[in-house]
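Some notes on the structure that comes next.
In this note's numbering, the protein residues as written are 254 to 477.
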């Protein structure tokens with residue numbers, strides 16, 4: 254029996270190396286003579302780019318809300334293209350309908366699909382695309398490269414700061430990074446940045462900057 258294609262979802266917090274692994278996965282398959290396509294959405298480096306914090310980049314197809322993976326694939330195959338696999342980075346930003354389309358590509362066309370993305374947003378709520386991937390994926394894998402909170406514990410939550418203050422409400426998609434300088438939010442003068450935290454410090458809103466500011470004070474009691 255020939256190998257059966259799979260829909261794989263690899264997830265982790267920001268700074269866990271998802272895009273690096275996406276590019277490495279593409280390299281490994283291409284080195285074995287397989288032909289793939291790269292996709293992304295709202296990458297920190299710009300439109301239609303998969304970028305790693307290690308400095309690696311690759312051109313990709315930008316996935317807009319109206320992008321149809323099924324139609325794209327059928328059109329390409331009809332025109333004689335060969336496609337063995339898809340690499341789908343920033344998959345948390347895909348719509349649930351697009352994830353359904355990817356599952357159909359796997360099942361009906363036997364094309365492997367490797368998705369990479371974050372599970373939850375800065376409000377600790379599941380991204381709709383990530384939730385649908387958990388529901389449909391043949392395999393969901395948590396990356397073994399652990400991002401760390403400023404306290405040294407494993408980071409499990411993505412935090413957003415606006416003008417240096419952690420927030421838990423606002424627009425879900427505002428592109429930024431954990432390493433770059435703060436960026437301005439759309440139609441606003443607010444500077445937005447991101448940070449990965451453990452659950453305890455995310456719950457307390459205790460970012461690295463705030464922890465430094467209160468370093469001479471004891472930790473808040475856990476009764477609040």
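No residue lacks a Cβ here, since even glycine has one placed at the ideal position from N, Cα and C.
Exercise for the section: Indicate whether residue 445 and residue 422 have their beta-carbon atoms separated by less than 8 angstroms. Expected result: no
Handout entry: Coil, strand or helix - residue 382 by DSSP
Key = helix
Handout entry: Straight-line Cα distance separating residue 301 from residue 396
Key = 24 angstroms
Handout entry: Uninterrupted beta strand (DSSP E) stretches inside the segment 318-396 (no shorter than 3 residues)
Key = 338-341, 365-370 and 392-395
Practice task
With residue 416 as the anchor, note down where its beta strand (DSSP E) starts and where it stops.
Solution key: First-last for residue 416: undefined, no H or E at that position.
Handout entry: Separation of residue 297 from residue 343, as counted between CA atoms
Key = 10 angstroms
Handout entry: Alpha-carbon to alpha-carbon, residue 461 and residue 406
Key = 13 angstroms
Problem - Nonlocal neighbours in the same chain, by C-beta distance under 6 angstroms from residue 345, ignoring five residues either side - result: 370, 371, 380, 382 and 383
Handout entry: Secondary structure of residue 465, DSSP reduced to three states
Key = helix
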